[in-house]
Amino acid sequence: MIRKYLLPVVAVAGLAFAIWMVKQAAKPVIPAKPVAEPARSPFANKISGAGIVEASTRNISIGSHVPGIVARVFVIVGQRVKPGDPLFVLDDRKQQADLVVKEAALKEAKTRLARLKQAPRAEDLPPAQAKVKEAEANFEDARRQLQITEKLSDARVIAIEDVNKSSC
1152 MIRKYLLPVV
1162 AVAGLAFAIW
1172 MVKQAAKPVI
1182 PAKPVAEPAR
1192 SPFANKISGA
1202 GIVEASTRNI
1212 SIGSHVPGIV
1222 ARVFVIVGQR
1232 VKPGDPLFVL
1242 DDRKQQADLV
1252 VKEAALKEAK
1262 TRLARLKQAP
1272 RAEDLPPAQA
1282 KVKEAEANFE
1292 DARRQLQITE
1302 KLSDARVIAI
1312 EDVNKSSC
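Taking my numbering, I'd label the letters of the sequence shown as residues 1152 to 1319.
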């Protein structure tokens, strides 16, 4: 007798659960607030391109060790430049936003560690300390990337950063 009623009840419960899950998944997702204001172009017309400058004698390939959007150009058409002169500056908003995110993660990890130190459990303390160290390392890396982007006109900075990253 129980088998006679159990299978239909389980089937109806499964169907009800499936319908409920579909309705839950169909709810609109609220978009997250951006960490930093999105980039807005001050120009009505926009263009993009890859950097090859045609000189009067030979072609010169221009590039950067860090990918990004050119924020400012220091030279004009026909201007003579010397080796080492800065030609352009890259937009550092992405690094700024990463720095803010890493700083918030560091603050959250330190707060959690302080809360655990007030009433610590032996098994909770080492993972929290590891998270703080990881957040500090991520914050320092983001800060270093921002400094590199800001000092990109000095070609030696990139070489030093490559050495630092390869030694880690």
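Ideal Cβ positions, reconstructed from N, Cα and C, are used throughout, including at glycine.
(request) Check whether the stretch 1239-1254 touches the stretch 1289-1301, counting contact only when three or more Cβ pairs, one atom from each stretch, lie closer than 8 Å. (result) yes
(request) Rank K1184, A1169, A1183 by C-alpha distance to the C-alpha of A1177 and give the top, closest one. (result) Position 26 of the sequence shown, counted from the start, is the residue given in the question as residue 1177. That would be A1169, whose Cα lies nearest to the Cα of A1177.
(request) With DSSP collapsed to three states, give me the class of A1293. (result) Within the sequence shown, numbered from 1, the residue matching residue 1293 stands at position 142. Three-state result, A1293: helix.
(request) Determine the burial state of L1264: buried for a count of at least 16 other Cβ atoms within 10 Å of its Cβ, exposed for fewer. (result) Locating residue 1264 in the sequence shown gives position 113, where the first residue counts as 1. Result: buried.
(message) Quick check on A1222: does DSSP put it in helix, strand or coil?
(response) Locating residue 1222 in the sequence shown gives position 71, where the first residue counts as 1. Of the three classes helix, strand and coil, the one that applies to A1222 here is strand, per DSSP.
(message) Could you tell me which whole beta strand (DSSP E) segments of length 3 or greater appear in the stretch 1214-1272?
(response) 1221-1224, 1239-1241
(request) Return the CA-CA distance between A1183 and P1189, expressed in angstroms with no decimal places. (result) Counted from its first residue, the sequence shown places residue 1183 at position 32. Counted from its first residue, the sequence shown places residue 1189 at position 38. Those two C-alpha atoms are separated by around 13 Å.
(message) Quick check: the Cα distance between R1266 and P1278, rounded to an integer number of angstroms?
(response) Start at 1 with the first residue of the sequence shown, and residue 1266 comes out as number 115. Start at 1 with the first residue of the sequence shown, and residue 1278 comes out as number 127. Roughly 13 Å between the two C-alpha positions.
(request) Please classify V1173: does DSSP put it in a helix, a strand, or coil? (result) As a working note, residue 1173 is residue 22 in the sequence shown. Reduced to three states, the DSSP call for V1173 is helix.
(request) Look at F1239 and A1222 and say whether their C-beta atoms are less than 9 Å apart. (result) Position 88 of the sequence shown, counted from the first residue, corresponds to residue 1239. Position 71 of the sequence shown, counted from the first residue, corresponds to residue 1222. Yes, the Cβ-Cβ distance between F1239 and A1222 is below 9 Å.
(message) Alpha carbons only, please: which of K1245, Q1230, K1233, A1288 is nearest the one belonging to P1185?
(response) Position 34 of the sequence shown, counted from the start, is the residue given in the question as residue 1185. When each option's Cα is compared against that of P1185, the closest is K1245.
(message) Among K1302, I1220, M1172, whose alpha-carbon lies nearest the alpha-carbon of D1236?
(response) By 1-based counting over the sequence shown, the position of residue 1236 is 85. Comparing Cα positions, the closest option is K1302.
(request) For A1256, collect the residues of the same chain with a Cβ closer than 8 Å to its Cβ; drop the 5 residues on either side in sequence, then sort them by chain order. (result) Along the sequence shown, read from residue 1 onward, the residue named residue 1256 stands at position 105. The answer, listed in chain order, is A1286, N1289, F1290.
(request) Take the Cβ of A1273 as the centre, count every other Cβ of all protein chains shown within 10 Å, and call the residue buried at 16 or more, exposed below. (result) Sequence index remark: in the sequence shown, residue 1273 carries index 122 (1-based). With fewer than 16 Cβ atoms within 10 Å of its Cβ, A1273 is classed as exposed.
(request) Measure the Cβ-Cβ separation of D1243 and G1219 and say whether it is below 9 Å. (result) Start at 1 with the first residue of the sequence shown, and residue 1243 comes out as number 92. Start at 1 with the first residue of the sequence shown, and residue 1219 comes out as number 68. In contact: D1243 and G1219 (Cβ atoms closer than 9 Å).
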